[in-house]
Structures are given as C-alpha cells and as structure tokens.
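Chemist:
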Amino acid sequence: MQPTVTIIGGGFAGTEAAWAAANLGSRVLLYEMRPHRSTPVHRTGDLAELVCSNSFKSNRLTNASGVLKEEMRRLGSLVLAVAERYPVPAGEALAVDRQPFARAITDAVTNHPNITLIREEMTALPSDRPLIVATGPLTSDALAAALKPLIGDALHFYDAVAPTITQDSLDMSRIFRASRFNKTADPDRAATADGDYLNCPMSKEEYERFYHELLNAEKAELHEFEREDKTIYFEMCLPIEELAARGPKTCAYGPMKPIGLRDPITGRRPYAVVQLRPDNLEGTLWGMVGFQTRLKWGEQQRVFRLIPGLENAEFVRYGVMHRNTYICSPRLLDKGLMMKSQPGLFMAGQITGVEGYIESAATGLLAGINAHRWCKRLPPFIPPRETVLGSLLAYITETSPERFAPMNANFGLLPEPLEPARDKRERARQKSDRAINALERAIDAAKPTRVEIDSNH
Ligand SMILES: Cc1cc2nc3c(=O)[nH]c(=O)nc-3n(C[C@H](O)[C@H](O)[C@H](O)COP(=O)(O)OP(=O)(O)OC[C@H]3O[C@@H](n4cnc5c(N)ncnc54)[C@H](O)[C@@H]3O)c2cc1C
C-alpha cells in the first residue's frame with residue numbers, strides 16, 4: 062500500500078518535505094492555513110512565501126550557505142530548483158523574484174500527483190504517522206497550544222540571541238582564558254587550569270569609548286506585530302544597548318563585570334571584561350555572554366569590533382531579538398528530526414531551531430526523506446557530520462539544552478580538516494570538498510534518498 066505522510070505547514074520546510082516524500086513514492090497530505098488564516102507577516106496564500114528579504118545568501122562553495130545549497134541540490138531540493146528559475150542579480154548571493162518564485166513552488170506542489178494540499182488551520186495534532194510539523198517561526202497559537210503537552214517548557218516563543226564569533230577570527234594575544242574565581246560552568250566538572258571562558262579585558266578608556274559607541278548605535282526596529290505584543294519585554298532578557306542606556310556603569314557592573322578575573326598580561330583586574338563562551342563542543346564558535354542585542358547587523362560589527370581581541374571578529378550569527386517559535390531540539394529530537402519520545406512524529410524548519418529560509422528548507426527536505434523511510438521501515442538518513450546539513454543537525458541536537466539558541470549554516474559548525482590549510486579560503490574549500498564527497502558517499506549507501514533519481518514519476 063502507498064504510505065501516507067501528513068505535513069502541517071506549507072512554508073519552506075513543509076513544501077520541501079512534501080516534494081521529497083511524494084517523489085520518493087509516498088502519498089502526501091499537506092495542510093496550510095493560509096489564505097483563510099494568515100500569520101502577522103505573510104501577505105499571500107502562496108506556499109513558501111518569502112516574508113522579508115528575497116536573498117537566499119551566498120551561492121559560492123567557499124561559503125557554508127553555498128555548500129548547504131549544493132548539498133540540497135544533490136538531495137533533490139525543490140526550493141533550489143525553482144529559485145534557479147527565478148533569479149534576480151545579487152552578486153555572489155542567490156536571490157529570487159519573490160512572487161513568481163512562490164507561485165512556481167505552489168504550482169509544483171499542487172500539480173504533483175502524489176500531493177493533496179488542504180487549506181486548513183490544524184488546531185490539534187492528528188494521530189496520523191508519519192506526521193511532519195513544519196509550522197515555522199509564527200506557528201498558529203492553537204497549534205502551539207496543542208504542542209505544549211508533548212513539549213512542555215521546551216517550546217520557546219522569542220529569540221534573544223547574542224552574536225556568535227569564529228575562533229579563527231579572535232586575536233588571542235589580547236584575550237585570556239579563565240573562569241570567574243577559577244570556577245567551571247559545569248558544577249560536576251573540576252575547573253580546568255585554563256577555565257571555560259575567553260575573556261576580552263578592557264581598560265577604562267577602552268570601556269568608555271565602547272560605551273559611547275554602543276549608546277549611539279542604530280537599532281533595528283521591532284515589527285509592528287512585535288511592538289503590539291507586550292509580553293516581548295517580559296520574556297526576553299534586556300538588550301545590552303538598553304542596559305547601557307541606564308547609565309555609564311551599568312554594563313561594567315552587569316555582563317561586563319570584571320570580578321573574579323585577573324588579566325595575566327597586566328597581572329591586574331581589568332576595568333571591564335567581555336566574556337565569550339563556547340557555542341559548540343569543538344570550541345570553534347564563541348558566543349558573547351550577555352550581549353543579546355537589537356542593534357542593526359552592520360552596527361554590531363562596527364561597535365563589537367572595538368572590543369580588544371575582536372578587532373577582526375567574524376560574526377557567523379548576529380544578535381537578534383524577535384518573535385520566533387522553536388523547540389528545544391537537543392532535548393527532543395534525534396538526528397533524523399524525529400521526536401525521541403514520539404515515533405513517527407517529525408519536526409522540520411525554523412521550529413527546530415535552525416534559522417533562515419534555506420536552513421529551514423534543508424531540514425524539510427530531510428524530514429520528507431526520513432518520513433518516507435520511516436514508512437518503509439528503513440533507518441533514517443543522517444547526513445554525515447562533515448556536511449553543512451549534518452553539522453547543523455549536530456548543533457540542534459547536541460548543544461546543551463540550557464544554552465540552545467537558533468543557528469544558521471556556517472563553517473564554524475564543521476569539524477576542522479585533519480591538515481587545515483593556512484589560507485582561510487583554502488580551508489573553506491577543504492571543508493566544502495569534504496562535505497560534498499561525504500554526502501555523495503552517504504547517499505550511495507542509503508538508497509532511496511536522492512529525491513530526483515528515485516522519483517516515482
Ligand atoms: C518577520 C520575519 C522576517 C524574516 N526574515 C528573514 C530573512 O530576511 N531571511 C531569512 O532567511 N529568513 C527570514 N526569516 C525566517 C524565515 O521566515 C524562516 O526561516 C522560514 O520561512 C522558515 O521556514 P518554515 O517552513 O519553518 O516556516 P514558514 O516558511 O513560516 O512556513 C510555515 C507555514 O506554516 C503555516 N502554519 C502555521 N501554523 C499552521 C497551522 N496551525 N496549520 C496549518 N498551517 C500552519 C504558515 O502559514 C506557514 O505557511 C524571517 C522570519 C520572520 C518571522
């Protein structure tokens with residue numbers, strides 16, 4: 062009998078999932094609530110509507126986003142195939158003509174013989190399995206409430222994210238490693254000699270200059286629907302720039318306090334300190350502690366590069382504070398995107414804690430493949446750790462649940478090559494070649510996986 066995959070949400074993840082499962086031979090029931098019921102940011106009834114920028118970021122293989130696209134092409138992505146039919150000039154990025162793009166995705170899905178599109182808001186979780194929930198950052202309230210009993214307090218409604226920086230880009234001659242009072246962040250583990258944090262020490266003059274620029278930096282506006290939502294300020298921690306606005310010393314007594322820290326270079330306690338905490342197990346990415354912010358991205362780069370040691374910082378993720386429904390995937394999901402405690406229930410898209418159109422589509426593609434494989438009693442397809450998709454999955458399933466925050470594709474998530482090239486571009490090329498080769502081997506070992514090749518029609 063032809064298996065049936067049920068999907069809720071016809072955005073980037075849901076359409077990819079539907080396309081993948083349908084092309085592998087499953088029947089698909091895809092529920093999308095628009096146009097009958099919309100979200101605060103969608104404007105049309107089209108599937109995979111772009112709600113803001115029309116850019117899918119870099120298309121180059123020396124950029125993690127470009128490699129992720131190549132991985133998706135090799136798995137048979139609908140979003141990329143359609144995007145490449147409706148490009149607009151955007152330099153090295155892949156950007157699309159938004160309306161024809163969304164219409165072509167809608168046509169492809171609605172004309173697919175194996176897919177039935179149902180325009181209806183799902184207010185409860187159906188008992189059908191496999192089921193893919195791909196309802197995105199603005200999941201309807203009713204469905205979020207229906208998810209609560211399964212997910213409990215591991216369902217978040219807001220992002221308050223501090224910037225993340227690559228290890229490679231830090232000037233370690235200005236930074237020292239230490240925990241406050243030499244205590245480790247993990248109480249069960251003895252403090253290492255070096256400590257868990259990287260510390261960027263500041264003199265009084267450096268702090269005052271930084272403070273002045275922070276205070277005067279340009280902030281991103283909240284969307285209107287977020288401004289109307291009074292809970293936003295209660296649920297999120299205070300942005301660093303708002304803390305600064307409360308007085309010249311608030312930051313120095315708050316997240317930038319120097320107590321319990323001694324700069325080994327001067328032998329003295331610095332005037333202020335910016336602490337960086339490891340953002341992944343490999344220690345290739347570092348998050349700025351207490352620096353959740355709404356500054357515009359260009360301003361974050363300008364102002365935060367004034368911090369000693371961060372002069373050339375490469376930001377793989379800028380700080381954001383916005384409305385975003387996502388689950389605590391490290392607690393809930395396995396690497397095939399299935400709920401550990403709910404066989405046959407898959408999650409996909411931004412709700413899993415990935416961020417961005419392409420990252421969301423990529424997890425949808427994988428969930429569609431794995432929902433089909435689940436029906437066929439095949440083991441899930443798990444992209445190798447060396448791939449960008451595999452590294453994103455490792456991030457969303459292995460990060461400490463307490464520190465989990467949404468993440469976009471970046472090379473910092475990938476393991477370092479055994480013999481890393483000295484040149485940064487060459488190192489990127491090494492990671493990119495390794496990713497594509499590893500994916501090809503994994504696809505060959507786990508058929509049916511490649512959506513186009515194993516297409517049933
Ligand atoms: C304001 C805003 C601006 C953004 N700007 C950018 C940007 O510039 N660049 C970028 O890369 N990303 C951006 N994003 C993130 C981007 O929108 C997401 O990464 C991407 O759309 C997520 O794909 P998804 O499939 O998970 O969710 P979506 O694409 O949002 O799709 C989810 C779908 O589920 C439907 N749905 C929700 N609840 C139900 C229900 N109960 N029943 C049936 N259907 C339901 C929704 O109508 C929607 O069509 C932005 C997000 C927001 C909110």
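Numbering (this note's numbering), first residue to last: 62 to 518. Glycine residues also receive a C-beta, built at the ideal position from the N, C-alpha and C atoms.
1) Less than 7 Å between the C-beta atoms of P309 and Y272, yes or no?
2) What is the C-beta distance between V591 and Q336, in whole angstroms, given that I count them as a contact (C-beta under 8 Å)?
3) Short of 8 Å in beta carbon distance, which residues of its chain neighbour K485, apart from the five on each side in sequence? Order them along the chain.
4) May I ask you to report which of helix, strand or coil DSSP gives S26?
5) Output the boundary residues of the beta strand (DSSP E) element that contains I93.
6) H383 by DSSP, collapsed to three states: which one?
7) Identify whether A305 lies in helix, strand or coil by the three-state DSSP scheme.
8) Give every residue of the same chain whose Cβ lies closer than 6 Å to the Cβ of K357, excluding the five residues on either side of it in the sequence, and list them in chain order.
9) Assuming R511 contacts I504 under a Cβ cut-off of 8 Å, what Cβ separation, rounded to an integer in Å, is found between them?
10) If we ignore side chains and look at the alpha-carbon of each, how far apart do R95 and L474 end up?
11) Sorted by chain position, which residues of the same chain lie with C-beta nearer than 6 Å to K396's C-beta, five sequence neighbours on each side aside?
12) In or out: R434 buried (at least 16 other Cβ within 10 Å) or exposed?
13) Compute the distance between the beta-carbons of R490 and T184, then report whether it is under 7 Å.
14) Rounded to a whole number of angstroms, what is the C-alpha to C-alpha distance between R329 and I301?
15) In angstroms, rounded to a whole number, what distance separates the CA positions of H97 and L139?
16) Only counting the same chain, and skipping five residues up and downstream in sequence, which positions put a Cβ closer than 8 Å to that of M263?
17) Compute the Euclidean distance between the alpha carbons of T227 and R378, then round it to the nearest angstrom.
18) In this structure, does DSSP put K280 in helix, strand or coil?
19) Starting from V170, follow the alpha helix (DSSP H) in both directions and report where the run begins and ends.
20) Taking the Cβ atom as the reference point for each residue, do A165 and A109 lie within a distance shorter than 7 Å?
21) Is there contact here, the region 196–213 with the region 143–160, by at least three beta-carbon pairs under 8 Å?
22) Among Q353, E131, T167, which one has its Cα closest to the Cα of A499?
23) With a threshold of 6 Å (Cβ to nearest heavy atom), would Q160 be considered close to ligand 3?
24) Between A499 and chain B, is any beta-carbon pair separated by less than 7 Å?
25) Considering only heavy atoms of ligand 1, does any lie closer than 6 Å to the CB of T200?
26) Provide the residue span of the alpha helix (DSSP H) that contains P391, from first to last.
27) Excluding sequence positions up to five away, which residues of its chain have a Cβ less than 7 Å from the Cβ of R250?
28) List the whole-angstrom C-beta distance separating M133 from A423, where the pair is believed to meet the contact cut-off of C-beta under 8 Å.
29) Would you say V112 touches ligand 1, meaning its beta carbon is less than 6 Å from a heavy atom?
30) Take the Cβ of M382 as the centre, count every other Cβ of all protein chains shown within 10 Å, and call the residue buried at 16 or more, exposed below.
31) Where do the N-terminal and C-terminal ends of the alpha helix (DSSP H) with I212 fall, by residue?
32) Could you check whether the Cβ of T196 sits closer than 6 Å to any heavy atom belonging to ligand 1?
33) Any idea what DSSP makes of Q336, helix, strand or coil?
Modeler: Working from what's here:
1) In the sequence shown, counting from the first residue as 1, residue 309 sits at position 248. In the sequence shown, counting from the first residue as 1, residue 272 sits at position 211. For P309 and Y272, yes; Cβs fall inside 7 Å.
2) Look at the range of the chain in this structure, 62 to 518, and you will see that residue 591 is not part of it.
3) In the sequence shown, counting from the first residue as 1, residue 485 sits at position 424. For K485, where only same-chain residues beyond five positions count, the Cβ hits under 8 Å are D229.
4) With the chain represented from 62 up to 518, any question about residue 26 goes unanswered, as that position is not in the structure.
5) For the purposes of this step, residue 93 is taken as the residue at position 32 of the sequence shown. Note that residue 93 corresponds to Glu in the displayed sequence, not to Ile. Looking at the DSSP string, the run of the beta strand (DSSP E) that includes E93 is 88–93.
6) Counting from 1 along the sequence shown, the entry for residue 383 is found at position 322. The answer is strand: DSSP assigns H383 an E or B state.
7) Position 244 of the sequence shown, counted from the first residue, corresponds to residue 305. Three-state result, A305: helix.
8) As a first step, residue 357 must be located in the sequence shown, where it is residue number 296. Around K357: E279, A281.
9) In the sequence shown, the residue the question calls residue 511 occupies position 450. In the sequence shown, the residue the question calls residue 504 occupies position 443. Contact flag correct, Cβ pair sits at about 5 Å.
10) For the purposes of this step, residue 95 is taken as residue 34 along the sequence shown, with counting starting at 1. For the purposes of this step, residue 474 is taken as residue 413 along the sequence shown, with counting starting at 1. Rounded to whole angstroms, R95 to L474 spans 35 Å at the Cα level.
11) The residue given as residue 396 occupies position 335 in the sequence shown. Closer than 6 Å at the Cβ level, and outside the excluded window around K396, lie I443, L454, T458.
12) Locating residue 434 in the sequence shown gives position 373, counting from the first residue. The residue in question, R434, is buried, as its Cβ has 16 or more Cβ neighbours within 10 Å.
13) Here residue 490 refers to the residue found at position 429 of the sequence shown. Here residue 184 refers to the residue found at position 123 of the sequence shown. No, Cβ-Cβ distance for R490 and T184 is not below 7 Å.
14) On the sequence shown, residue 329 is found 268 positions in, with the first residue counted as 1. On the sequence shown, residue 301 is found 240 positions in, with the first residue counted as 1. The straight-line gap from Cα to Cα measures roughly 25 Å.
15) Sequence index remark: in the sequence shown, residue 97 carries index 36 (1-based). Sequence index remark: in the sequence shown, residue 139 carries index 78 (1-based). Whole-angstrom Cα-Cα distance: 25 Å.
16) On the sequence shown, residue 263 is found 202 positions in, with the first residue counted as 1. Cβ neighbours of M263 beyond the five flanking positions: F271, M317, P331, Y332, A333, V334, V335, I368, P369.
17) By 1-based counting over the sequence shown, the position of residue 227 is 166. By 1-based counting over the sequence shown, the position of residue 378 is 317. Their backbone Cα atoms lie some 10 Å apart in a straight line.
18) Translated into the one-based positions of the sequence shown, residue 280 becomes position 219. Reduced to three states, the DSSP call for K280 is strand.
19) Residue numbering aside, residue 170 sits at position 109 when the sequence shown is read from its first letter. Counting along the chain, the alpha helix (DSSP H) containing V170 begins and ends at 159–171.
20) Taking the first residue of the sequence shown as position 1, residue 165 is located at position 104. Taking the first residue of the sequence shown as position 1, residue 109 is located at position 48. No; because the gap between Cβ atoms is not below 7 Å, this pair is not in contact.
21) no
22) Residue mapping note: residue 499 aligns to position 438 of the sequence shown, counting from 1. Selected option, being the one with the closest Cα: E131.
23) Here the bound small molecules are ligand 1; ligand 3 is not part of this structure.
24) Absence of chain B from the displayed structure is noted, only one protein chain being present.
25) Counting from 1 along the sequence shown, the entry for residue 200 is found at position 139. Yes.
26) Indexing the sequence shown from 1 puts residue 391 at position 330. Unbroken alpha helix (DSSP H) run through P391: 390–393.
27) Taking the sequence shown and counting its residues from 1, the one referred to as residue 250 is at position 189. Model confidence at R250 stands at a pLDDT of 44, short of 50, so the residue's coordinates are unreliable; what they give is reported in the following sentence. No residues qualify anywhere along the chain.
28) The residue given as residue 133 occupies position 72 in the sequence shown. The residue given as residue 423 occupies position 362 in the sequence shown. The pair is a contact, with the Cβ atoms about 5 Å apart (cut-off 8 Å).
29) Within the sequence shown, the letter at position 51 stands for residue 112. Answer for V112: yes, Cβ within range of ligand 1.
30) Working through the sequence shown from its first residue, we reach residue 382 at position 321. Classification of M382: buried, given that the 10 Å Cβ count is 16 or more.
31) Position 151 of the sequence shown holds residue 212. Looking at the DSSP string, the run of the alpha helix (DSSP H) that includes I212 is 202–212.
32) As a position in the sequence shown, residue 196 is number 135, starting the count at 1. It does: the Cβ of T196 is within 6 Å (strictly closer) of some heavy atom of ligand 1.
33) Sequence index remark: in the sequence shown, residue 336 carries index 275 (1-based). Looking at Q336 - three-state DSSP - the assignment turns out to be strand.
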